[in-house]
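**Q**
In my numbering, the protein residues as written are 684 to 825.
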C-alpha cells in the first residue's frame, strides 16, 4: 500500500487566542498554513489534522485515497493519545473533532497517528508561526 506522510501542527497565541494551523504533506511536497480565528491550542491541533487529511484527499483524488495509507505525525501527545483511544474525550467540542477525523478516515485505506518530538515537526510549526505572524490580524481596542 502506498503511503503518504503528513506533519500537522496547530497553535494559538493565548489559550484561547488567535490561532493557526500548519500542514506539511511531505510525500507531495505541499506546505499549508492558515489562520483559523480564536481557538485553544488543542482545537488548533485537531483542525490542523482535519485540514491535512482533507488536503491529501483533494490532491490525490477520492479513488486513489481509498488505496493509500496516511501516516499522520503530530507533536501533540494529547491529541495522538485521544485519537488512538488511550485517553478519554471529555469535552464535547473535542468529541466533535474526533468524529470529523473518524469520518475522514473512511476515505483512506489506512490512517495512523504517531506522536513525534517538537523538533521533528519544524516545517508544520513554521507554517503555523508564519500564518500567525503574517496573516492573523488581531482587532484591538485602544
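For each residue, glycine too, the CB sits at the ideal point set by N, CA and C.
What you are looking at is a predicted structure, and each value in this text was computed from that prediction instead of being measured.
Helix, strand or coil, according to DSSP, for residue 796 in the structure here?
**A** Along the chain shown, read from residue 1 onward, the residue named residue 796 stands at position 113. Strand at residue 796.
**Q** Between the alpha carbons of residue 718 and residue 789, how many angstroms are there, rounded?
**A** For the purposes of this step, residue 718 is identified with residue 35 of the chain shown, where counting begins at 1. For the purposes of this step, residue 789 is identified with residue 106 of the chain shown, where counting begins at 1. Near 27 Å, if we compare the C-alpha coordinates of residue 789 and residue 718.
**Q** Give me, in chain order, the residues of the same chain whose beta-carbon lies closer than 6 Å to that of residue 794; leave out the 5 immediate sequence neighbours on both sides.
**A** By one-based count along the chain shown, residue 794 stands at place 111. 753, 788, listed in sequence order.
**Q** DSSP three-state call for residue 790: helix, strand or coil?
**A** What you label residue 790 is simply residue 107 of the chain shown in a count that begins at 1. Residue state, collapsed to three classes: coil.
**Q** Identify which residue in 715, 708, 722, 688 has its Cα closest to the Cα of residue 698.
**A** Within the chain shown, residue 698 is the residue found at index 15, counting from 1. Checking every option, the nearest Cα to that of residue 698 belongs to 722.
**Q** What are the start and end residues of the alpha helix (DSSP H) that includes residue 735?
**A** The sequence position of residue 735 within the chain shown is 52, counting from 1. Per DSSP, residue 735 belongs to the alpha helix (DSSP H) from 724 to 743.
**Q** Could you give the first and the last residue of the continuous alpha helix (DSSP H) run that contains residue 764?
**A** Taking the chain shown and counting its residues from 1, one reaches residue 764 at position 81. Looking at the DSSP string, the run of the alpha helix (DSSP H) that includes residue 764 is 760 to 766.
**Q** Could you pull the DSSP bridge partners for residue 756 from this structure?
**A** One-based indexing of the chain shown puts residue 756 at position 73. Partner(s): 690, 797.
**Q** Helix, strand or coil for residue 823, going by three-state DSSP, please let me know.
**A** Stepping through the chain shown from its first residue, residue 823 is reached at position 140. For residue 823, the pLDDT reaches just 39, beneath the cut-off of 50, and the residue's location in the model is therefore unreliable, leaving the point undetermined.
**Q** If you run the structure through DSSP and keep just helix, strand and coil, what is residue 775?
**A** Stepping through the chain shown from its first residue, residue 775 is reached at position 92. Residue state, collapsed to three classes: helix.
**Q** Could you spell out the range, first to last residue, of the beta strand (DSSP E) harbouring residue 898?
**A** With the chain covering 684 to 825 only, the question about residue 898 has no answer from this structure.
**Q** Please name the residue in 740, 803, 710, 806 whose C-alpha comes closest to that of residue 784.
**A** Here residue 784 is taken as the residue at index 101 of the chain shown, counted from 1. It is 740 whose Cα lies nearest to the Cα of residue 784.
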